[in-house]
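Peer 1: Okay, here's the structure, questions in a sec.
Numbering (my numbering), first residue to last: 1 to 180.
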């Protein structure tokens with residue numbers, strides 16, 4: 001059991017932009033910078049004031065585009081977007097506090113999708129949608145979460161090791177929807 005109490009402050013800025021540079025092309029971007037730190041954090045009487053809040057990226061960035069077009073009466077929406085997640089401070093299970101220096105590295109993912117609506121000329125059906133999503137197209141290997149182990153959970157010799165949760169590999173989804 002950890003006997004701790006604290007207060008954290010989050011400071012940052014978020015910038016969002018959308019545009020249609022061509023009548024058929026929709027673009028978007030979102031950029032966030034953030035600083036999250038403990039203004040007051042005490043564990044077993046020891047102060048960790050000023051340390052970063054673990055698992056909060058210092059920056060995120062998304063940029064993408066999509067278009068809509070009709071092909072033989074079927075609405076197609078191809079999409080592409082890139083997601084960047086900046087470095088994050090790690091939690092240290094040895095000290096029971098966030099690490100002042102250890103960081104989860106940043107990672108970037110490329111994603112593609114094709115969404116469609118197929119009109120149906122049948123009783124009870126308005127349209128059918130088929131969506132195909134390909135996430136992490138380049139198959140980047142990254143951890144979406146890490147912490148510094150105090151040992152024992154995954155074996156007696158793991159004290160000080162980084163324990164990570166691997167991020168999603170290249171992922172392919174197909175979904176079917178029907179509107180009545």
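For glycine and all other residues, C-beta sits at the position ideal for the given N, C-alpha and C.
Since we're looking at a predicted model, the values are computed, not measured.
Which same chain residues end up closer than 8 Å to residue 8 when comparing Cβ atoms and leaving out the 5 residues on each side of it in sequence?
Peer 2: So the list reads 36, 37, 38, 39, 41 and 53, once near-sequence residues are dropped.
Peer 1: Hey, quick one: how far does the beta strand (DSSP E) through residue 91 stretch, first residue to last?
Peer 2: Element bounds for residue 91: 88 to 92.
Peer 1: Between which residues of its own chain and residue 30 is the CB-CB distance below 6 Å, once the five residues before and five after are set aside?
Peer 2: Closer than 6 Å at Cβ, skipping near neighbours: 16 and 62.
Peer 1: With the cut-off set at 8 Å, would you say residue 104 and residue 88 are in Cβ contact?
Peer 2: Contact: yes.
Peer 1: Give me the Cα-Cα distance between residue 169 and residue 133, rounded to the nearest whole angstrom.
Peer 2: Their backbone Cα atoms lie some 13 Å apart in a straight line.
Peer 1: Run the CB neighbour count on residue 11, radius 10 Å, all protein chains shown included, and call it buried at 16 or more, exposed below.
Peer 2: Residue 11 should be labelled exposed.
Peer 1: Spatial neighbours of residue 18 within its chain, please: C-beta separation below 6 Å, excluding the five flanking residues on both sides.
Peer 2: So the list reads 28, once near-sequence residues are dropped.
Peer 1: Which residue's Cα is closest to the Cα of residue 99: 160, 144 and 79?
Peer 2: Selected option, being the one with the closest Cα: 160.
Peer 1: What are the boundary residues of the beta strand (DSSP E) that residue 98 is part of?
Peer 2: Per DSSP, residue 98 belongs to the beta strand (DSSP E) from 97 to 104.
Peer 1: For residue 49, which residues in the same chain have their Cβ closer than 7 Å to its Cβ, ignoring the five residues on either side in sequence?
Peer 2: Here the set comprises 38, 39, 40 and 41.
Peer 1: DSSP state of residue 142, grouped into three classes?
Peer 2: In the structure shown, residue 142 sits in coil (DSSP, three-state: anything other than H, G, I, E or B).
Peer 1: Where do the ends of the beta strand (DSSP E) carrying residue 64 lie?
Peer 2: Its beta strand (DSSP E) spans residues 59 to 67.
Peer 1: Hey, could you find the ends of the beta strand (DSSP E) residue 129 is sitting in?
Peer 2: Segment 125 to 135, the beta strand (DSSP E) holding residue 129.
Peer 1: On the criterion of 16 or more Cβ atoms from any shown chain inside 10 Å, does residue 101 qualify as buried, or is it exposed?
Peer 2: When all chains shown are included, residue 101 counts as exposed.
Peer 1: Pick from 34, 43, 85 and 171: whose alpha carbon is nearest that of residue 94?
Peer 2: Checking every option, the nearest Cα to that of residue 94 belongs to 43.
Peer 1: Compare the beta carbon distance of residue 222 and residue 128 with 8 Å and say whether it is the shorter of the two.
Peer 2: In the structure displayed, the chain extends from 1 to 180; residue 222 sits before or after that span and is not available.
Peer 1: Give me whichever residues DSSP pairs with residue 71 in a beta bridge.
Peer 2: Residue 71 pairs with 74.
Peer 1: What number of angstroms, rounded off, separates the C-alpha of residue 137 from the C-alpha of residue 111?
Peer 2: Between residue 137 and residue 111, the C-alpha separation is close to 6 Å.
Peer 1: Please state if the CB of residue 76 and the CB of residue 114 are separated by a distance shorter than 8 Å.
Peer 2: Cβ distance < 8 Å, so residue 114 and residue 76 count as in contact.
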